[in-house]
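Quick notes on the structure that follows.
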Amino acid sequence: MAETILVIVEQREGKLNRVSWETIAAGQAIAAQTGWTLEAAVVGSGVTAIAGEVAAKKLAKVYVVESARLEPYTPDAFAHALEEFLGKHPAKLVLMPHTYQVRDFVPKLATSLETTAISDVIGVKHEGGKLLFTRQMFQGKFVADVSFAGSGPCFVTFQNGSFRADKVEAGGAAAPVETVNVDIPDGLVRNQPQPVFKEAKQAVDLTQAEIIVSVGRGIKEQKNIDLAKQLADALGGELAASRPICDNGWLPMDRQIGSSGQTVAPKLYLALGISGAIQHLVGMKGSRSIVAINKDSEAPIFEIADYAVVGNLFDIVPPLIEEVKKAKG
Amino acid sequence: MKQVPQKDAPLKLNDAGTWIREDVSYEVNEPDAFALEEALRQKEKHSGEVVVITAGPARALQVLREALAKGADRAIHLEDDGFVGLDAYNTARAIAAAIKDEKFDLIFTGLQSDDYGYAQTGVILAQILGLPHATIIMQIEKTDAGIHVKRELEAGFFQFVDMPLPALLTIQSGINKLRYATLIGIKQAKTKPLRKVTLAEVQPAMGGNLQKIEKLYVPQKSKNTEFLEGPPAEVAKKLVEKLKNEVRVI
Numbered sequence: 253m254a255e256t257i258l259v260i261v262e263q264r265e266g267k268l269n270r271v272s273w274e275t276i277a278a279g280q281a282i283a284a285q286t287g288w289t290l291e292a293a294v295v296g297s298g299v300t301a302i303a304g305e306v307a308a309k310k311l312a313k314v315y316v317v318e319s320a321r322l323e324p325y326t327p328d329a330f331a332h333a334l335e336e337f338l339g340k341h342p343a344k345l346v347l348m349p350h351t352y353q354v355r356d357f358v359p360k361l362a363t364s365l366e367t368t369a370i371s372d373v374i375g376v377k378h379e380g381g382k383l384l385f386t387r388q389m390f391q392g393k394f395v396a397d398v399s400f401a402g403s404g405p406c407f408v409t410f411q412n413g414s415f416r417a418d419k420v421e422a423g424g425a426a427a428p429v430e431t432v433n434v435d436i437p438d439g440l441v442r443n444q445p446q447p448v449f450k451e452a453k454q455a456v457d458l459t460q461a462e463i464i465v466s467v468g469r470g471i472k473e474q475k476n477i478d479l480a481k482q483l484a485d486a487l488g489g490e491l492a493a494s495r496p497i498c499d500n501g502w503l504p505m506d507r508q509i510g511s512s513g514q515t516v517a518p519k520l521y522l523a524l525g526i527s528g529a530i531q532h533l534v535g536m537k538g539s540r541s542i543v544a545i546n547k548d549s550e551a552p553i554f555e556i557a558d559y560a561v562v563g564n565l566f567d568i569v570p571p572l573i574e575e576v577k578k579a580k581g
Numbered sequence: 038m039k040q041v042p043q044k045d046a047p048l049k050l051n052d053a054g055t056w057i058r059e060d061v062s063y064e065v066n067e068p069d070a071f072a073l074e075e076a077l078r079q080k081e082k083h084s085g086e087v088v089v090i091t092a093g094p095a096r097a098l099q100v101l102r103e104a105l106a107k108g109a110d111r112a113i114h115l116e117d118d119g120f121v122g123l124d125a126y127n128t129a130r131a132i133a134a135a136i137k138d139e140k141f142d143l144i145f146t147g148l149q150s151d152d153y154g155y156a157q158t159g160v161i162l163a164q165i166l167g168l169p170h171a172t173i174i175m176q177i178e179k180t181d182a183g184i185h186v187k188r189e190l191e192a193g194f195f196q197f198v199d200m201p202l203p204a205l206l207t208i209q210s211g212i213n214k215l216r217y218a219t220l221i222g223i224k225q226a227k228t229k230p231l232r233k234v235t236l237a238e239v240q241p242a243m244g245g246n247l248q249k250i251e252k253l254y255v256p257q258k259s260k261n262t263e264f265l266e267g268p269p270a271e272v273a274k275k276l277v278e279k280l281k282n283e284v285r286v287i
């Protein structure tokens with residue numbers, strides 16, 4: 253019997269999270285390699301329209317996992333709903349995007365089913381009848397091929413950008429949509445979430461900058477930020493930073509690039525002393541050109557750099573500022 | 038709390054290519070340091086006791102010593118080399134077994150570890166212990182009914198959540214400002230209670246790893262990176278040349 257791969261499509265407040273298309277693309281790639289059946293599920297309240305949108309893709313079936321108690325999102329309700337659903341509709345593999353919401357409930361769901369979630373996966377291989385999931389370790393310095401040693405279901409979450417949303421295959425005819433009502437008992441949901449909000453408007457919109465000079469831990473001390481500022485000024489660019497710099501209060505939070513800050517794609521991203529943890533890379537890997545200066549030759553930032561300088565930024569930046577000024581006349 | 042290789046420590050693969058060589062420098066996992074700091078601050082506000090726990094080899098004791106020196110009251114060390122290679126489910130099961138007779142009001146973990154990066158151990162522990170949880174926490178206030186916490190979501194979004202106690206929270210880096218241990222703290226740490234737990238004691242609660250690392254390796258480059266070499270002045274010249282003629286931003 254063919255096994256089933258289930259993609260859990262993410263929605264927030266009734267809107268499909270676009271990153272779900274990447275997860276469907278991943279599911280289609282695994283289905284093509286294994287010959288397994290690919291299905292999808294949308295979890296929420298009143299989300300049938302999203303299921304219709306998803307059903308246009310090449311999928312065997314789309315489920316709507318429905319309960320009024322699934323809105324707003326809580327980990328208790330989501331884990332319970334999917335546990336009940338998977339009891340009725342078993343799957344060998346359950347795929348999801350590695351979002352903050354998924355990270356909040358998937359470990360709970362997997363544990364309640366006495367299984368595991370392979371998180372933040374960037375690629376899948378099918379070798380000798382075995383699925384290998386590639387994920388980053390040690391902040392991206394290494395990658396590991398991980399196999400699942402349980403009996404299932406195996407949950408897998410995919411890092412943003414690991415599969416291409418535009419590679420999702422459309423289906424011949426719309427996939428059938430079936431609504432599965434789940435029972436979430438009184439008192440099960442313990443958390444009371446309030447509406448999602450954005451903090452005071454960001455003063456700096458880095459998304460519009462064509463040139464960004466960004467600093468990381470390698471800058472060492474607050475007083476050294478000025479050196480990066482001088483380089484940014486010489487280039488006519490904006491100054492930005494990785495999370496630790498903003499955590500330390502060396503630059504305001506609105507200059508933070510990465511998953512919890514801004515996502516940018518300038519013409520030039522010049523990274524000074526940034527090692528390139530994945531949380532930072534997701535915020536800038538779309539930049540047209542990336543220059544990295546770092547003393548650690550193994551720093552993951554070099555994996556995505558166009559131009560790389562292995563060396564002490566305090567040796568290189570001062571002459572660089574002079575050369576930029578000279579070139580600009 | 039977890040001990041992980043130092044951020045800029047050069048890491049080498051072991052001969053089997055399944056893990057790193059252990060002869061590196063270690064430090065406390067960064068989000069765990071913020072979790073400890075938050076626990077100390079909550080204790081200062083509301084009184085009580087702060088207990089720190091780690092699972093790892095003898096070397097991991099250093100993490101507990103530092104935590105005790107900063108102000109934690111007592112420590113629990115699940116001590117065995119075997120705690121290094123566990124998946125998140127097994128680590129959480131081991132910790133749950135070690136604290137089954139404790140009655141904590143709040144359990145904090147770091148958001149994720151700098152080595153495995155699963156971002157799961159805390160949430161799994163909550164499920165095993167039957168506690169409500171909230172992740173990526175940036176603020177915690179006590180209320181009459183429990184706690185009021187602020188979650189950080191993606192791209193500058195946040196959310197407040199009210200929840201009952203006892204509860205488990207995973208703490209985000211930057212929630213507070215870390216303190217340093219004082220000399221007197223370091224001295225006092227030596228006399229604070231430390232409970233050791235062996236692998237044998239918690240093994241009945243554990244199982245085989247459900248995730249197996251088949252191979253660990255250096256990632257293949259997806260980009261043609263051009264390395265600019267030479268003395269600083271020369272590198273600066275070469276780079277400006279590129280910015281002018283290739284990147285075209287000058």
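Protein sequence lines, in the order shown, are assigned to chains A and B. Numbered per my numbering, the first sequence spans residues 253 to 581. Numbered per my numbering, the second sequence spans residues 38 to 287. Each residue gets a CB set at the ideal place from its N, CA and C atoms; glycine is no exception.
Each of A:Pro445, A:Lys393, A:Asp567 and A:Tyr559 was checked against the Cα of Ile57 (chain B), and the nearest Cα belongs to A:Lys393. Classified as exposed, Gly424 (chain A) has fewer than 16 neighbouring CB atoms from the shown chains inside 10 Å of its CB. Beta-bridge pairing by DSSP links Cys498 (chain A) to no other residue.
Annotation: Gly404 (chain A) to Ile276 (chain A) spans about 20 Å, alpha carbon to alpha carbon. In the DSSP secondary-structure assignment, Asp199 (chain B) is bridged to A:Gln444 and B:His185. Taking the Cα positions, Glu318 (chain A) is about 48 Å away from Leu524 (chain A). Among the residues facing chain A, Gly193 (chain B) is included, as its CB has a counterpart in that chain under 8 Å away.
Residue state for Ala343 (chain A) is assigned as coil, using DSSP reduced to three classes. Cβ contact annotation for Lys310 (chain A) (same chain, cutoff 7 Å, sequence separation greater than five): Gln280, Glu421, Ala422 and Gly423, in chain order.
In the assembly as shown, Gln474 (chain A) is an exposed residue. Its beta-carbon has fewer than 16 other beta-carbons within 10 Å.
Look at Val41 (chain B) here: in three-state DSSP terms it is strand.
Rounded to whole angstroms, the Cβ separation of Thr286 (chain A) and Pro445 (chain A) is 37 Å, and the two are not in contact under 8 Å. Following the DSSP letters along the chain, one finds Gly375 (chain A) in no alpha helix (DSSP H) but inside the beta strand (DSSP E) bounded by residues Ala369 to Glu379.
Sequence-distant Cβ neighbours of Ala106 (chain B) in its own chain, meaning closer than 6 Å and more than five residues away, are Ala218, Gly222, Ile223 and Ala226. For Phe145 (chain B), no chain A residue has a Cβ inside 7 Å of its Cβ, as the nearest lies near 16 Å away. At a cut-off of 8 Å between C-beta atoms, Gly287 (chain A) does not count as an interface residue with respect to chain B.
Using a Cβ-Cβ cut-off of 9 Å, Gln474 (chain A) is close to nothing in chain B; its nearest Cβ partner there is about 13 Å away. With distances taken between CA atoms, Gly193 (chain B) lies nearest to A:Gly535 out of A:Val543, A:Ala417 and A:Gly535. With a cut-off of 8 Å on Cβ pairs, the segment 41 to 56 of chain B is not in contact with the segment 74 to 89 of chain B, counting fewer than three such pairs. Between the beta-carbon of Ser364 (chain A) and that of Ala331 (chain A) there is about 6 Å, and that keeps the pair under the 8 Å contact cut. Just so you know, the alpha carbons of Lys274 (chain B) and Asp548 (chain A) end up roughly 21 Å apart. As a beta-bridge residue in DSSP terms, Ser399 (chain A) pairs with B:Lys249.
The DSSP-derived three-state label of Tyr254 (chain B) is strand.
For Asp372 (chain A), the closest alpha carbon among the candidates A:Gly380, A:Cys498, A:Asp558 and A:Phe410 is that of A:Phe410. At least 8 Å separates the CB of Arg321 (chain A) from every CB of chain B. For Ser541 (chain A), the beta-bridge partners assigned by DSSP are A:Leu520. Residue environment analysis places Gly147 (chain B) among the buried positions, since at least 16 neighbouring C-beta atoms fall within 10 angstroms of its C-beta. Taken in chain order, the members of the segment 443 to 472 of chain A whose beta-carbon sits within less than 8 Å of a beta-carbon on chain B are Asn443, Gln444, Pro445, Gln446, Pro447, Val448, Phe449, Lys450, Glu451, Gln454, Glu462, Ile463 and Arg469.
Look at Thr275 (chain A): its C-beta is not under 8 Å from any C-beta on chain B.
The alpha helix (DSSP H) runs lying completely inside the segment 124 to 175 of chain B and spanning 4 residues or more are 125 to 135 and 158 to 166, given in chain order. Distance check between Ser539 (chain A) and each of A:Gly488, A:Tyr559, A:Lys267 and A:Ala401 places A:Tyr559 closest, using alpha-carbon atoms only.
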